[in-house]
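Written out below as structure tokens is the structure these notes cover.
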Amino acid sequence: LDEAAQQLASIVELCDLISKNPNKVRSLNVDAVIRADYYACSGLFDHARDIYEEAILTVRTVRYFTQVFDEYAQFEEVSLNKRMEMVAKDPSATSEDDIDVE
1 LDEAAQQLAS IVELCDLISK NPNKVRSLNV DAVIRADYYA CSGLFDHARD
51 IYEEAILTVR TVRYFTQVFD EYAQFEEVSL NKRMEMVAKD PSATSEDDID
101 VE
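For what it's worth, this note's numbering labels the leading residue of the sequence shown as 1, then goes sequentially.
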């Protein structure tokens, strides 16, 4: 699977766990995770980042922190790869664009 498909599969798995175990999920901000995914899919990456960061700050267990952090890291990796592809394909890209990606 490519990275986007892996990220989607992880999000679907997390949402499936949440929906099947609503009474067991106490330390994860479910709303934030779903909103972050929505904003990421909508191309509103700054909103998604804000929500991931909020979720990281509000979790109360290592397990949920790890899940949110992993999703956030995958989101950032996919975002950066897409940006690097855009800069590589843009014939008018400058060295400033390369630095911005780094």
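Even glycine gets a Cβ: it sits at the ideal position worked out from N, Cα and C.
CB-CB length for residue i against residue j, believed under 8 Å
| i | j | result |
| --- | --- | --- |
| tyrosine 39 | alanine 48 | 4 Å |
| alanine 36 | isoleucine 51 | 4 Å |
| serine 79 | phenylalanine 45 | 6 Å |
Closest by C-alpha distance to residue i, when choosing among the options
| i | options | result |
| --- | --- | --- |
| serine 42 | Phe75, Met86, Met84 | Phe75 |
| threonine 61 | Pro22, Asn29, Leu44 | Asn29 |
The alpha helix (DSSP H) enclosing residue i, as first and last residue numbers
| i | result |
| --- | --- |
| lysine 119 | This structure leaves residue 119 out entirely; the chain is present only between 1 and 102. |
| leucine 44 | Run containing leucine 44: none; DSSP gives neither H nor E here. |
Close Cβ partners of residue i (< 7 Å) along its chain, the five nearest in sequence each way excluded
| i | result |
| --- | --- |
| phenylalanine 65 | Ile56, Val59 |
| valine 25 | Ile18 |
C-alpha gap between residue i and residue j, whole angstroms
| i | j | result |
| --- | --- | --- |
| glutamate 13 | glutamine 6 | 10 Å |
| asparagine 21 | lysine 82 | 34 Å |
| glutamate 85 | asparagine 23 | 42 Å |
Proximal residues to residue i (C-beta, below 8 Å), its chain only, five neighbours per side dropped
| i | result |
| --- | --- |
| glutamate 53 | Tyr72 |
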